[in-house]
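For reference, the structure discussed in these notes is given below.
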Amino acid sequence: MKTVTVCVGSACHMKGSHHVIDELDELIRRYGLEDDVELKASFCMDQCTGNIGARVDDRQIFDLTKDNVEEVFRREILGNG
Amino acid sequence: MKSNSFYVDIYSQSLLKKGEELCGDMVNVIRRPDETILVLADGMGSGVKANILATLTSKIISTLMIGNAGIDECVETISETLPVCRERGIAYSTFTIVRVKNDGEVYTAEFDGPEFVMLRNGVLDEPEKKMRVISGKEVWESHFYAEPEDMIVSFSDGVIHAGIGRLINLGWKRVNVMEFIQRNYHMKMSARTMTRDLLEVCNHLYEGEPGDDTTVATVRIMPRTTTRVMVGPASSAEMDHEQVRTLMSASGRKIVCGGTTSQIVARELGKKIDVDLKYYDAEIPPIAYIEGVDLVTEGILTLSAAEKLMEACRREYGSNVKSEEPVDLEKKDGATKLVKMLVQDCTDIVFMMGQADNPAHQKIDAPINLSIKVRIVQHMAELLDEMGKKSRIEYY
């Protein structure tokens, strides 16, 4: 079981976290991982100045943007990036 | 009851007679430091003539009552002032006056319109009324003391006539209106909800084509409570503890606006913060939940959307004739929830404005900074004051 947390604070919202959550949700379904991956939202993760704040379990992800969701998902969740 | 212990929540709305552009019913609300006065007038006929009669009647009564004139002087002045209809040879408008002092003393006067319907503890209740003849007119008066959550629903005869010749042969009677009002009521229902629910039934009975101007004006007596809205982190982290303690001491709602701010509140309270995944509006970040706090939202984007909604509410509450679609306050996004809470459920509001330059907002390519947030909060406070509430801003 993995937990993916995406920041929905003001700054990340403007960078596209809404889109990211929709796409992650879609990917989790597409790969049938509803029972293995939990998607959560969070307010500020202190990553405002970088890309969209995100964590897989307790590990921070620094390169997530609204344009590379599937790439990050493959690497972090499927482990075959 | 001690003085200033009540706030009067008022909402009025009219359905226009089919084919008319002007409303022949007029509602005037006067808010003064020590009292609130509602006047509903229904002018004879419809269209321009009725509109002028109703406007004059409601304005004359309001203006004279501000000058502390009694009902006798109001009725005499109306009788002498209203233009006489050439066809009918009379000058005529009904009126209902509800005057509520801040300490809960209520005076009502009614002339010829349908009697208002009153609920106390959600149960139908009729204050004792006495009739006096003033300038040849039979005016019914009552004096009583309000209790918290008393609701007084006044309406024009268009409400009683709804359905005539259509769904119900003779329209629904006042007793049916009373039944509806009691059945529809739930504890702490807003004046807006009752007014709109009753009008919706009328519109349905008229099958969307009202045969008369149809107006409802609801008065709800609310006990004053202080709602606190924490916006933004304090300029110094040393103040966090005190700021959160003050927030939680509010006698009314406790609201937190801001992602970082809500994390501070959760930390100080030793509670968990759960952020909702769900977007009800793509433009507005999701809300969150902290045990003991009534509403937790993101900051600047939510506030900015809330400011626009509140401007629309201000216009909407300002007149019984609506020039635009009423605001949909049932939406589930953070901005709508915030506005609904402040406009419908609150009486006295304190914004606790933190003055930290939010590190979350630095280096972002967007027009976000503290001065914009302060400006939005100041404007929201002004709008709430214009709606008769008491608001102030504390800076931290």
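Taken in order, these protein sequences are the chains called A and B.
Under the working numbering, the first residue of the first sequence carries the number 3, and numbering increases by one thereafter.
Under the working numbering, the first residue of the second sequence carries the number 2, and numbering increases by one thereafter.
C-beta: ideal position from N, C-alpha, C; glycine also.
B/Met381 and B/Glu81 have their alpha carbons spaced roughly 43 Å apart. In the structure shown, B/Ile11 falls within a strand segment according to DSSP collapsed to helix, strand and coil. Runs of the beta strand (DSSP E) spanning 3 or more residues and lying entirely within the segment 4 to 59 of chain B occur at 7 to 16, 26 to 33 and 36 to 44, in chain order. Per DSSP, the beta bridge partners of B/Pro224 are B/Phe7. Close partners of B/Tyr280 in chain A (Cβ separation under 7 Å): His20. Listed along the chain, the chain A residues whose CB falls inside 8 Å of the CB of B/Glu299 are Val10, Gly11, Ser12, His15 and Phe45. For B/Gln356, there is no enclosing alpha helix (DSSP H), as DSSP gives it neither H nor E. Remark: three or more beta-carbon pairs, one from each stretch, lie closer than 8 Å, so the segment 149 to 160 of chain B and the segment 220 to 232 of chain B are flagged as touching. By the criterion of a C-beta distance shorter than 6 Å, B/Met132 is surrounded in its chain by Glu139 and Trp141, once the five residues flanking it on both sides are discounted.
Taking C-beta separations shorter than 7 Å and ignoring five residues to either side along the sequence, the partners of B/Val85 in its chain run Ile91 and Ala92, following chain order. At least 8 Å separates the beta-carbon of B/Cys258 from that of B/Thr228. Taking 8 Å as the CB threshold, B/Leu371 stays off the interface with chain A. Beyond the five residues adjoining it in sequence on each side, B/Ile394 comes within less than 7 Å, by CB distance, of Phe352, Met354, Val378, Gln379 and Ala382 in the same chain, given in chain order. Chain-ordered listing is empty here: chain B has no CB closer than 8 Å to the CB of A/Ile30, the nearest sitting near 12 Å.
Residue pairing by DSSP places B/Val124 opposite B/Arg121 in a beta bridge. Put simply, the backbone Cα of B/Lys323 is about 29 Å away from that of B/Thr226. Counted as a single uninterrupted DSSP element, the alpha helix (DSSP H) harbouring A/His21 occupies residues Ser19 to Arg32.
Looking at B/Lys60, B/Gly105 and B/Val118, the one whose alpha-carbon comes closest to that of B/Thr196 is B/Val118.
Of all residues in the segment 42 to 54 of chain B, none places a beta-carbon less than 8 Å from a beta-carbon of chain A.
Put simply, the segment 5 to 21 of chain A touches the segment 56 to 70 of chain A. At least three CB pairs are less than 8 Å apart.
With 16 or more other CB atoms across the displayed protein chains lying within 10 angstroms of its CB, B/Gly260 is buried. Identification of chain B residues near A/Lys42 by a Cβ-Cβ cut-off of 9 Å yields Asp275, Val276 and Leu278, ordered along the chain.
For B/Tyr146, the enclosing beta strand (DSSP E) stretches over residues Lys138 to Tyr146. The alpha carbon of B/Met249 has as its nearest neighbour, out of B/Gly293, B/Ile274 and B/Tyr281, the alpha carbon of B/Gly293.
With respect to the C-alpha of B/Glu111, the residue from B/Arg121, B/Ser143, B/Val202 and B/Leu125 having the closest C-alpha is B/Ser143.
With 16 or more other CB atoms across the displayed protein chains lying within 10 angstroms of its CB, B/Asp334 is buried. The DSSP-derived three-state label of B/Leu302 is helix.
In this chain, the alpha helix (DSSP H) harbouring B/Ile182 covers Arg175 to Asn185.
The Cβ atoms of B/Asp35 and B/Ile135 do not sit closer than 8 Å to each other.
For the 8 Å CB-CB criterion, A/Cys9 and A/Gly55 form a contact. Taking 8 Å as the upper bound for CB-CB distance, B/Thr262 and B/Pro286 are not in contact here, some 13 Å apart. Secondary structure note for A/Ala56: its beta strand (DSSP E) is the uninterrupted segment Ala56 to Val58. Put simply, of A/Arg76, A/Ala13 and A/Leu80 the residue whose alpha carbon is nearest the alpha carbon of A/Ser44 is A/Ala13. Scanning the segment 251 to 296 of chain B for uninterrupted beta strand (DSSP E) segments of 3 residues or longer gives 255 to 258, listed from N- to C-terminal end. The Cβ atoms of B/Lys374 and B/Val276 lie no closer than 8 Å to each other.
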